[in-house]
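All remarks here apply to the structure that follows.
Structure follows, in structure tokens:
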């Protein structure tokens with residue numbers, strides 16, 4: 053095998069646990085960084101950002117590192133919010149859709165969702181998808197996997213599970229939002245991206 | 053093995069030949085696309101652009117595809133020209149360094165080199181490096197390798213071998229430009245990136 057341990061740079065315990073289960077079957081152990089690095093994710097693709105993060109940690113710790121980046125792409129908004137998913141409410145694009153009062157009282161997730169709902173209010177095409185990229189970087193090279201979850205934007209938020217855009221995203225084949233689906237992690241874009249990169253690992257000696 | 057053939061999307065025959073030799077040792081055959089695709093390389097990292105290109109070809113041909121992207125990063129210019137290396141002369145940044153007459157008479161390579169030389173004329177730090185990223189993409193996943201060639205920008209162009217910025221780039225440990233070095237391909241960033249991605253392939257069943 054090319055390596056027997058991987059550093060996972062994520063502060064999301066559920067994510068780390070999920071990766072742990074998959075890697076255990078491949079006899080690869082997981083470690084987490086002792087210190088979080090302040091990495092500027094300047095990439096304009098999910099792959100770039102996952103790569104930039106993984107590389108920064110690899111350079112600090114010299115251990116093969118797994119990082120991911122994910123976001124929402126809405127067809128009628130030219131694939132926005134894309135890599136700006138987590139701070140979409142701050143972007144100039146569509147800033148007239150949020151009031152000053154809302155900006156000072158609502159949470160980040162609420163503001164992002166509200167902005168998307170208002171932008172799509174009069175739009176017939178509500179097609180959207182979640183995208184995730186996972187990178188394992190080591191010594192000037194690496195592996196990557198990507199995953200998608202196709203669906204559409206709801207007319208209003210619903211559900212309390214998950215986070216981010218989950219309350220306004222209805223996966224294809226469902227009639228409820230992700231925030232209503234208990235087994236979300238099993239169908240998620242992140243899971244698919246992770247499985248894709250793991251599928252390469254499985255082929256390695 | 054995960055695959056027995058790879059499509060190489062490049063119109064550079066020398067590059068294809070070099071890849072052919074490396075892949076032959078791994079019993080992987082090479083094919084080239086019958087039609088060139090018009091792919092917009094909108095990424096802001098070399099990795100992104102190589103990925104965007106490889107993915108577009110994979111989606112058209114459904115064959116594992118190798119693509120690369122390369123460029124020059126100059127330290128005192130905040131790593132410019134970077135992903136804009138091939139059309140640096142067209143950028144607004146530093147456009148006052150080229151005259152209208154030059155723009156209408158000189159070649160693309162000449163204009164790029166001239167602009168870099170003039171931008172660095174009064175700069176003491178001439179440190180620069182060539183960077184290359186190679187991606188093999190297939191079915192929502194892939195491998196990548198990157199390579200660097202450290203060096204500095206010369207005070208004037210010299211040499212007739214190679215192309216692009218070769219006449220103004222002096223590799224570390226040398227006192228002549230790349231355009232004077234016969235065995236350039238053996239020390240190049242492209243070669244290193246390719247070897248790095250091949251090193252992963254060697255680990256695969």
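Protein chains in written order, with our numbering: chain A, 53 to 257; chain B, 53 to 257. Beta carbons are placed, not taken as given, at the ideal position from N, Cα and C, and that holds for glycine. Keep in mind that this is a model prediction, so the values were computed, not measured.
Asked	Found
Proximal residues to residue 150 of chain A (C-beta, below 7 Å), its chain only, five neighbours per side dropped	141, 163, 166 and 167
Residue closest to residue 139 of chain B, alpha-carbon to alpha-carbon, out of B:86, B:93 and B:103	B:93
is_contact[residue 65 of chain B, chain A] using C-beta, thresh 8 Å	no
Sufficient close CB pairs (3 or more, under 8 Å) joining the stretch 171 to 184 of chain A to the stretch 231 to 243 of chain B	no
C-beta neighbour in chain B for residue 57 of chain A, strict 8 Å	no
Cα-Cα separation between residue 17 of chain B and residue 118 of chain B, rounded to whole angstroms	As shown, chain B starts at 53 and ends at 257. That puts residue 17 of chain B outside it, with no answer to give.
Cβ pair residue 57 of chain A, residue 83 of chain A closer than 8 Å	yes
DSSP-derived helix/strand/coil call for residue 135 of chain B	helix
Best match in B:188, B:227 and B:223 for proximity to residue 80 of chain B [C-alpha to C-alpha]	B:188
Segment limits, beta strand (DSSP E) that includes residue 106 of chain B	Looking at the DSSP string, residue 106 of chain B is not in any beta strand (DSSP E); the run it does join, the alpha helix (DSSP H), is 98 to 113.
Collapsed DSSP secondary structure at residue 117 of chain B in the structure displayed	strand
Proximity below 8 Å, CB of residue 172 of chain B to CB of residue 222 of chain B	no
Cβ-based contacts, 7 Å cut-off: residues of the stretch 232 to 256 of chain B near chain A	248, 249, 251, 252, 255 and 256
For residue 252 of chain A, the three-state DSSP class (helix, strand or coil)	helix
Distance, residue 252 of chain A Cα to residue 112 of chain B Cα	22 Å
Residues within the stretch 84 to 98 of chain A neighbouring chain B, beta-carbon criterion of under 9 Å	94, 95, 96 and 97
Nonlocal neighbours in the same chain, by C-beta distance under 6 Å from residue 71 of chain B, ignoring five residues either side	60
Where residue 199 of chain A meets chain B, residues with beta-carbon distance less than 8 Å	192
Own chain residues within Cβ distance below 6 Å of residue 200 of chain B, not counting five before or after	181, 183 and 241
Within 8 Å, strictly: CB atoms of residue 85 of chain B and residue 190 of chain B	no
Interface positions of the stretch 96 to 117 of chain A facing chain B (Cβ-Cβ less than 8 Å), listed along the chain	96, 97, 99, 100, 103 and 104
Under 8 Å between C-beta atoms of residue 99 of chain B and residue 136 of chain A	no
Span of the beta strand (DSSP E) around residue 236 of chain B	Per DSSP, residue 236 of chain B belongs to no beta strand (DSSP E); it is in the alpha helix (DSSP H), 236 to 239.
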